[in-house]
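Heads up: the protein sequence lines correspond to chains E, L and Z, in order.
Heads up, the first sequence is in the UniProt record's numbering, so the first residue is 1 and it goes up one at a time.
Heads up, the second sequence is in the UniProt record's numbering, so the first residue is 1 and it goes up one at a time.
Heads up, the third sequence is in the UniProt record's numbering, so the first residue is 1 and it goes up one at a time.
Where a beta carbon is used, it is the ideal one built from N, C-alpha and C, also for glycine.
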Amino acid sequence: MSVVDTPSAPPAPQPPAPAPAGRTGSKRRSATSGGFAPLALTLPALLLLAGLLGYPLIRMIVLSFQSLGLRQLFADLAPDNVGFANYAKIFTNSTFYEVVARTVAFTVVSVLLTLVLGLGVALLMRRVAPSVRIAMIIAMMFVWAVPQLVATQTFRWLVDSDFGVLNYLIDRLPGVDFANHSWFADPIQGWAVITTIVVWAGIPFIAITLNAGLTQVPKELLEAAVVDGASAWQVLRSVTLPILKPLLVIVTTLSVIWNFGLFTQVYVVRNGRPEDEYQVLATWAYSTAFKNNNYGLGSAIAVVTVLLLLGVMAFYMRQMFKIGDVD
Amino acid sequence: MVATAPQTAVRKRRRRPARESDTPTVGRSRGGTVLANTVGVLFAIVMFFPVYWVINTAFKPAPEILQFEPTFFPHTFTLDNFKSAFNAPFFQQDLLNGVLVTSGAVLGALLVGFLAALAIARFRFYGRKAIILVVLSVQMVPFVAILIPLFLMLQKADLTNSLLGITLVYIVLILPYTVWTLRGFIQAIPRELDEAALIDGASRFQVFWKIILPLTGPGLVATSVYGFIQAWNEFIIINTLNDQAHQNLMAWLLQNQTSRGTFWGPLMAGSILTALPVVIFFLIVQRNIATGLTAGAVKG
Amino acid sequence: MNQRSPLTPYLISFRRNSVKRRIAVAATLAATLIGAAACGSNSDSSDTPNAAASVNGAGKTIKVWLMVDAQSGWPEVVKQANDRFTQATGAQVQVDYQQWTDHLAKLDTTLAGSDVPDVVELGNTEMPKYVFNGAFAPLDKGQFENSAEWLTGLSAPCELDGKTYCVPYYAGARVLIYRTDLFDKAGLKAPKTYDDLVAAAKTLKEKNGSDKQFSAFYMPGKYWYAAMAWVHGNGGTIAKKDGDKWVGTLSEPGAQQGLTKWAEIAKTYSSGDPTKDENDQDAVYAQGKSGMIYGNGWELGAVQEQPKDPNDPASAKVKTKVNGKVATAPLPGIPSFLGGSDVAVTAKSKNADLAAKWAQIFTDAKSQEGLIAKGVLPNATSLLDKAAAVKGNEATAQAAKETWFVPMAPKWSDVESANVLQNMLVSIATGKATVPDAAKAADAKINEILNAS
Numbered sequence: 001m002s003v004v005d006t007p008s009a010p011p012a013p014q015p016p017a018p019a020p021a022g023r024t025g026s027k028r029r030s031a032t033s034g035g036f037a038p039l040a041l042t043l044p045a046l047l048l049l050a051g052l053l054g055y056p057l058i059r060m061i062v063l064s065f066q067s068l069g070l071r072q073l074f075a076d077l078a079p080d081n082v083g084f085a086n087y088a089k090i091f092t093n094s095t096f097y098e099v100v101a102r103t104v105a106f107t108v109v110s111v112l113l114t115l116v117l118g119l120g121v122a123l124l125m126r127r128v129a130p131s132v133r134i135a136m137i138i139a140m141m142f143v144w145a146v147p148q149l150v151a152t153q154t155f156r157w158l159v160d161s162d163f164g165v166l167n168y169l170i171d172r173l174p175g176v177d178f179a180n181h182s183w184f185a186d187p188i189q190g191w192a193v194i195t196t197i198v199v200w201a202g203i204p205f206i207a208i209t210l211n212a213g214l215t216q217v218p219k220e221l222l223e224a225a226v227v228d229g230a231s232a233w234q235v236l237r238s239v240t241l242p243i244l245k246p247l248l249v250i251v252t253t254l255s256v257i258w259n260f261g262l263f264t265q266v267y268v269v270r271n272g273r274p275e276d277e278y279q280v281l282a283t284w285a286y287s288t289a290f291k292n293n294n295y296g297l298g299s300a301i302a303v304v305t306v307l308l309l310l311g312v313m314a315f316y317m318r319q320m321f322k323i324g325d326v327d
Numbered sequence: 001m002v003a004t005a006p007q008t009a010v011r012k013r014r015r016r017p018a019r020e021s022d023t024p025t026v027g028r029s030r031g032g033t034v035l036a037n038t039v040g041v042l043f044a045i046v047m048f049f050p051v052y053w054v055i056n057t058a059f060k061p062a063p064e065i066l067q068f069e070p071t072f073f074p075h076t077f078t079l080d081n082f083k084s085a086f087n088a089p090f091f092q093q094d095l096l097n098g099v100l101v102t103s104g105a106v107l108g109a110l111l112v113g114f115l116a117a118l119a120i121a122r123f124r125f126y127g128r129k130a131i132i133l134v135v136l137s138v139q140m141v142p143f144v145a146i147l148i149p150l151f152l153m154l155q156k157a158d159l160t161n162s163l164l165g166i167t168l169v170y171i172v173l174i175l176p177y178t179v180w181t182l183r184g185f186i187q188a189i190p191r192e193l194d195e196a197a198l199i200d201g202a203s204r205f206q207v208f209w210k211i212i213l214p215l216t217g218p219g220l221v222a223t224s225v226y227g228f229i230q231a232w233n234e235f236i237i238i239n240t241l242n243d244q245a246h247q248n249l250m251a252w253l254l255q256n257q258t259s260r261g262t263f264w265g266p267l268m269a270g271s272i273l274t275a276l277p278v279v280i281f282f283l284i285v286q287r288n289i290a291t292g293l294t295a296g297a298v299k300g
Numbered sequence: 001m002n003q004r005s006p007l008t009p010y011l012i013s014f015r016r017n018s019v020k021r022r023i024a025v026a027a028t029l030a031a032t033l034i035g036a037a038a039c040g041s042n043s044d045s046s047d048t049p050n051a052a053a054s055v056n057g058a059g060k061t062i063k064v065w066l067m068v069d070a071q072s073g074w075p076e077v078v079k080q081a082n083d084r085f086t087q088a089t090g091a092q093v094q095v096d097y098q099q100w101t102d103h104l105a106k107l108d109t110t111l112a113g114s115d116v117p118d119v120v121e122l123g124n125t126e127m128p129k130y131v132f133n134g135a136f137a138p139l140d141k142g143q144f145e146n147s148a149e150w151l152t153g154l155s156a157p158c159e160l161d162g163k164t165y166c167v168p169y170y171a172g173a174r175v176l177i178y179r180t181d182l183f184d185k186a187g188l189k190a191p192k193t194y195d196d197l198v199a200a201a202k203t204l205k206e207k208n209g210s211d212k213q214f215s216a217f218y219m220p221g222k223y224w225y226a227a228m229a230w231v232h233g234n235g236g237t238i239a240k241k242d243g244d245k246w247v248g249t250l251s252e253p254g255a256q257q258g259l260t261k262w263a264e265i266a267k268t269y270s271s272g273d274p275t276k277d278e279n280d281q282d283a284v285y286a287q288g289k290s291g292m293i294y295g296n297g298w299e300l301g302a303v304q305e306q307p308k309d310p311n312d313p314a315s316a317k318v319k320t321k322v323n324g325k326v327a328t329a330p331l332p333g334i335p336s337f338l339g340g341s342d343v344a345v346t347a348k349s350k351n352a353d354l355a356a357k358w359a360q361i362f363t364d365a366k367s368q369e370g371l372i373a374k375g376v377l378p379n380a381t382s383l384l385d386k387a388a389a390v391k392g393n394e395a396t397a398q399a400a401k402e403t404w405f406v407p408m409a410p411k412w413s414d415v416e417s418a419n420v421l422q423n424m425l426v427s428i429a430t431g432k433a434t435v436p437d438a439a440k441a442a443d444a445k446i447n448e449i450l451n452a453s
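As structure tokens, then:
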């Protein structure tokens, strides 16, 4: 989700602790001796999560079967129950399918781009002179640290049709007229800009993570492959990538979850009022609820969004359980 | 501060006996290296350019910002935009709010999260797996999705337009992450240490106080910094739930998009002021991020 | 919070009490009688806030939400009204300034709670939705100065079922802003007819067209107040009421003609971004590369000089490239949209009487005079001639005499927030859709939104 900024990447799983057979007994002993302590310790956290996340989630589901507008809100009236009317409205609306398709397309393209470019940069970092590597790391650290909102405002400024530097630079090219060029008139170009913001901000996380991962690739293995006459591409495919795979799976899943919930970039770049061709699920739910004051319908869209994400989330969780020591 | 990142990188490199020759030489050639270096430099420039452009804009006077032919460095260097942002309505108020809300959320999440992490890391109990599942899954829920009920709920409790309400929300925002990270740090402490202390007659509380807490110190610092960044950068929830007098600096930045055009100068200067603490904190802990993120997954 | 001696306001109100009480008693009586009659239909309707009630406001503070325009354009007017209010009631005023971009979402969330502002300013097109949804308390129209001569464009959105829920605050009309130097050089005069205007745009384009950034008439694609003015100028409307249903009428011949003429300006004579709105048109115009724009009266000043610190309207002004080279004229054949604002007392206000009193002072003739001096239009027809006498205001006051307004449908602001008109205009201006197709699509959306249950 866009609210969760990139630096907040949950720590990747640690390897399953190789449990020597002899220690299982002692583990069990300390485990049972806790009594009510563990429950008491987790209680405050659980209460907070239940109150401010669990309850709103349930309320969201309830609300998606209701009609709630300004009139009820202002007068503190109870919302009307409308059954599946909100869902019917969504699923019979062609806009919904367009928005879902757009969200999915964006997610696929942006995640692929971030991954490929991030991997490319990580590999490049192992080939360049140390001074260049440092320059790359400094640049990426800054980009990584820039808050999402600031990054988006920055790009909005770069691509401004009248005062933006991008049009100015492109316009310098001989034979190109980019003066006052609108980057958002054509949704393909507009989405290119949005994707660029997301990819630009996403590369550092992937590149630095994968670069750190690459340091773990045993160089004997690579050397052996080279001696055996493997091409660079073969080495990448048969040696490097398989070793990076667990890491790649996690960063891919995380990127999918983040990018599927795209909000900030669209919302800010389109001045808080995205046009039809710029709506994605999160902005559509938000606009429906908070701009058109149709809170029930907005909730229904949000529920559908979460449901669509559920598959990816389940996969992520399975991975965490599989390679993490979440025994 | 800024130098932290490269330094660690340099240190890491220097630890190796030889510099370049020992890296695997896959398809290496002199021409290839020159090409790689050129691409690397270009990449760094392209990546950094937007950041540079923020700085460049922030130090220009208004007429120089709004002209069809942009200047690539400030022809007239001015601090006016920073003064304007700092004295703008609600900037100082929102700065204070941000500090209060963020530190409140970090402390709250740390306190509550540490207890839960301790339980998950050190005890096996009925429902442990379920709790881990909850912790892992809630951080996947798009917060925009629950914005509507959250708003309705807090508004009923008179917690909209209040710092307390948003602090509670932010605690929950960073709690799953906090629990999950601290759990890792606690697990890294050998259990034998606990057991030895227990055999020596220490109480569970003493084990916690004398062994676990000191050893998780660095982890607590790193976790709180992540939490800080996350809460500091948040603006969608606070912008929806609270009025200007109860927002943070991120939400304040949005106020520069006005019906009389965007105030680019103050916006860019304000962006620098707002992002600065994040950048500094981030650079301090970046090493933990890179190592912490990958240590396990690759070896495993 | 209140640093004044708690006794001061009390003493002030004590001294005036004898006269005030008598008036108050009469007013309360009248209000009760009227209220009793009016309340018959609506059982839970609370008392109409009484601006004439004698309330000792000492120690109380009312919260007022005004839009930024007051902060940047006429802070003195707000201050004198607050001072007079404090003097009359002893209560203090806390003014929060809102941004147009997100104030409605903010208002919705706030009004849903219990800690609400007492007085709220809304744009006149935004008002019906809130009036209709019960956000505001009914007011006693007779207690407000010049209420018989209020500009209809401002007061009509306040009316529902024979009650008045808000008070006109100020109005604005849009005019043609043109470059006198470019006009002189090309031997042109301020256009008298619409054909003159197009001819002038053509000449300017011929003379200056070698510069690819030059716009003879800068027209941002999302500027729907402009485009709809063209629609109304050609006999069209946006929507009309047919029985109890609303019908979008942009596909009707007049409207289509207006849209086609507007598109000619936007596509042929404007080189600007067809997806931008009008928010930064003054900054663009100030670059000296546009011949004409369509703007509010105050934009004449905004294009010529800009405050050094945009966050501080009182800071030193910086002259732009077009300083001293611009003038205004009514746009011939194109009626102006009558924009403006109203103030209303919230239904949940705990200080409704005080709030009504503040609204009364803030919109009275004295406050209006202050507004006129700042180049905006007053809330009443009886004051328009005064406004026309202010230098630089003539064209705007003239334009205010022939105006149009958005459909008075309760859901109209949903059409605005769903960007229906902007999206239609962008698709026309970028050439993605023809005028008939775009208008047809917009009509369908308007029908859907205005008739939604």
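task: Go through its chain and collect everything with a Cβ distance to residue 253 of chain L's Cβ below 8 Å, but skip five positions before and after it.
output: Mapped onto the second sequence, residue 253 of chain L falls at position 253. Hits under 8 Å: 235, 267, 270, 271, 274.
- prompt: So which residues of chain E does residue 271 of chain Z contact, with C-beta pairs closer than 9 Å?
  reply: Numbered from 1 along the third sequence, position 271 holds the residue referred to as residue 271 of chain Z. Neighbours of residue 271 of chain Z on chain E, chain order: 179, 180.
field: Contiguous alpha helix (DSSP H) assignments of at least 4 residues, all confined to the segment 147-219 of chain Z
entry: 152-155, 180-185, 194-208
query: Taking C-alpha atoms, which residue in E/254, E/173, E/53, E/146 lies nearest to residue 115 of chain E?
result: What you label residue 115 of chain E is simply residue 115 of the first sequence in a count that begins at 1. When only C-alpha atoms are compared, the closest one is E/254.
- request: Assign residue 431 of chain Z to one of three DSSP states: helix, strand, or coil.
  value: As a working mapping, residue 431 of chain Z is identified with position 431 in the third sequence. Reduced to three states, the DSSP call for residue 431 of chain Z is coil.
- prompt: With a Cβ-Cβ cutoff of 9 Å, do residue 246 of chain L and residue 238 of chain L count as a contact?
  reply: Numbered from its first residue, the second sequence carries residue 246 of chain L at position 246. Numbered from its first residue, the second sequence carries residue 238 of chain L at position 238. Result yes, Cβ atoms of residue 246 of chain L and residue 238 of chain L sit closer than 9 Å.
field: Run of the alpha helix (DSSP H) containing residue 62 of chain Z, from where it starts to where it stops
entry: Here the question's residue 62 of chain Z lines up with position 62 in the third sequence. Where residue 62 of chain Z is concerned, there is no enclosing alpha helix (DSSP H), although the beta strand (DSSP E) it sits in stretches over 61-67.
message: In this structure, how does DSSP classify residue 337 of chain Z when only helix, strand and coil are distinguished?
response: Counting from 1 along the third sequence, the entry for residue 337 of chain Z is found at position 337. The answer is strand: DSSP assigns residue 337 of chain Z an E or B state.
field: Inter-residue CB distance, residue 375 of chain Z and residue 295 of chain Z (contact presumed, cutoff 8 Å)
entry: Taking the third sequence and counting its residues from 1, the one referred to as residue 375 of chain Z is at position 375. Taking the third sequence and counting its residues from 1, the one referred to as residue 295 of chain Z is at position 295. That belief does not hold up - the Cβ atoms of residue 375 of chain Z and residue 295 of chain Z are roughly 12 Å apart, past 8 Å.
message: Just to confirm the assignment: which complete alpha helix (DSSP H) runs, minimum length 4, are found wholly within the segment 225-285 of chain E?
response: The DSSP assignment places 232-235, 241-260, 264-269 as complete runs of the alpha helix (DSSP H) inside the segment 225-285 of chain E, in order along the chain (cut-off: 4 residues).
task: If I'm right that residue 166 of chain Z touches residue 144 of chain Z with Cβ under 8 Å, what's the distance once you round it to whole angstroms?
output: To locate residue 166 of chain Z, count along the third sequence from 1; it is residue 166. To locate residue 144 of chain Z, count along the third sequence from 1; it is residue 144. Not a contact, Cβ separation roughly 10 Å.
- prompt: Any heavy atom of the ligand SAH closer than 8 Å to the Cβ of residue 317 of chain E?
  reply: This structure lacks the ligand SAH; in fact it carries no ligand of any kind.
message: Counting only beta-carbon separations shorter than 9 Å, does residue 208 of chain Z have a partner in chain L?
response: Counting from one through the third sequence, the residue named residue 208 of chain Z turns up at place 208. Taking Cβ atoms only, chain L never reaches closer than 9 Å to residue 208 of chain Z, which makes this a no.
- prompt: Interface residues of chain L around residue 105 of chain Z at Cβ under 8 Å?
  reply: As a first step, residue 105 of chain Z is located in the third sequence; it is residue number 105 there, counting from the start. Ordered by position in chain L, the residues that pass the 8 Å Cβ test against residue 105 of chain Z are 240.
- prompt: What in chain Z is Cβ-close to residue 291 of chain E, meaning under 8 Å?
  reply: Here residue 291 of chain E refers to the residue found at position 291 of the first sequence. Per Cβ cutoff of 8 Å: 104, 105, 417, 418.
- prompt: When burial is assigned at 16 or more other CB atoms within 10 Å of the CB, is residue 206 of chain L buried or exposed?
  reply: Position 206 of the second sequence, counting from 1, holds the residue named residue 206 of chain L. It counts as exposed.
message: So that I know if they touch, is there some Cβ in chain Z lying closer than 9 Å to that of residue 157 of chain E?
response: Within the first sequence, numbered from 1, the residue matching residue 157 of chain E stands at position 157. No, residue 157 of chain E does not count as interfacial toward chain Z.
field: First and last residue of the uninterrupted alpha helix (DSSP H) at residue 296 of chain Z
entry: Walking along the third sequence from the start, residue 296 of chain Z turns up at place 296. Premise fails: residue 296 of chain Z lies in the beta strand (DSSP E), 290-296, not in any alpha helix (DSSP H).
- request: Please confirm if the segment 355-363 of chain Z is in contact with the segment 201-217 of chain Z, defined as three or more CB-CB distances below 8 Å between the two stretches.
  value: no
message: Within the continuous beta strand (DSSP E) that includes residue 242 of chain Z, where are the two ends?
response: Along the third sequence, one-based indexing puts residue 242 of chain Z at 242. Start and end: 239-242.
- request: Between the Cα of residue 163 of chain L and those of L/99, L/197, L/47, spot the shortest distance and give me the residue it belongs to.
  value: As a working mapping, residue 163 of chain L is identified with position 163 in the second sequence. Of the candidates L/99, L/197, L/47, the one whose C-alpha sits nearest the C-alpha of residue 163 of chain L is L/99.
- prompt: Three-state secondary structure (DSSP) at residue 447 of chain Z?
  reply: Reading the third sequence from its first residue, position 447 is the one you call residue 447 of chain Z. If DSSP states are grouped into helix, strand and coil, residue 447 of chain Z belongs with the helices.
query: Is any beta-carbon of chain L found at less than 9 Å from that of residue 56 of chain E?
result: Your numbering for residue 56 of chain E matches position 56 in the first sequence. Answer yes: the Cβ-Cβ gap between residue 56 of chain E and chain L drops below 9 Å somewhere.
Local Cβ density within 10 Å of residue 299 of chain Z, reported as buried at 16 or more and exposed below that: Residue 299 of chain Z sits at position 299 when you count from the first residue of the third sequence. By the neighbour-count rule (16 or more Cβ atoms within 10 Å), residue 299 of chain Z is buried.
query: So, is residue 86 of chain E buried or exposed, given that buried needs 16 or more other C-beta atoms within 10 angstroms?
result: Walking along the first sequence from the start, residue 86 of chain E turns up at place 86. Residue 86 of chain E comes out buried.
Neighbour list for residue 274 of chain Z in chain E, Cβ cutoff strictly below 7 Å: Position 274 of the third sequence, counted from the start, is the residue given in the question as residue 274 of chain Z. Neighbours of residue 274 of chain Z in chain E, taken as residues whose beta carbon is under 7 Å from its own, are 182, 185 in chain order.
query: Would you say residue 126 of chain E and residue 33 of chain L are within 9 Å of each other, going by their C-beta atoms?
result: Position 126 of the first sequence, counting from 1, holds the residue named residue 126 of chain E. Position 33 of the second sequence, counting from 1, holds the residue named residue 33 of chain L. Between residue 126 of chain E and residue 33 of chain L, the CB-CB gap reaches or exceeds 9 Å.
message: Residues of chain E with CB closer than 9 Å to the CB of residue 108 of chain Z, please, in chain order.
response: For the purposes of this step, residue 108 of chain Z is taken as residue 108 along the third sequence, with counting starting at 1. The contacting residues are 70, 73, 74, 290, 293.
message: Please state whether the Cβ-Cβ distance between residue 293 of chain E and residue 123 of chain E is less than 9 Å.
response: Indexing the first sequence from 1 puts residue 293 of chain E at position 293. Indexing the first sequence from 1 puts residue 123 of chain E at position 123. In this structure, residue 123 of chain E does not lie closer than 9 Å to residue 293 of chain E by Cβ.
message: Please list, in chain order, the chain E residues whose beta carbon lies closer than 8 Å to that of residue 64 of chain L.
response: Working through the second sequence from its first residue, we reach residue 64 of chain L at position 64. Those within 8 Å of residue 64 of chain L in chain E number zero; the least Cβ separation is about 11 Å.
- prompt: At which residues does the alpha helix (DSSP H) containing residue 254 of chain L begin and terminate?
  reply: Taking the second sequence and counting its residues from 1, the one referred to as residue 254 of chain L is at position 254. Start and end: 249-254.
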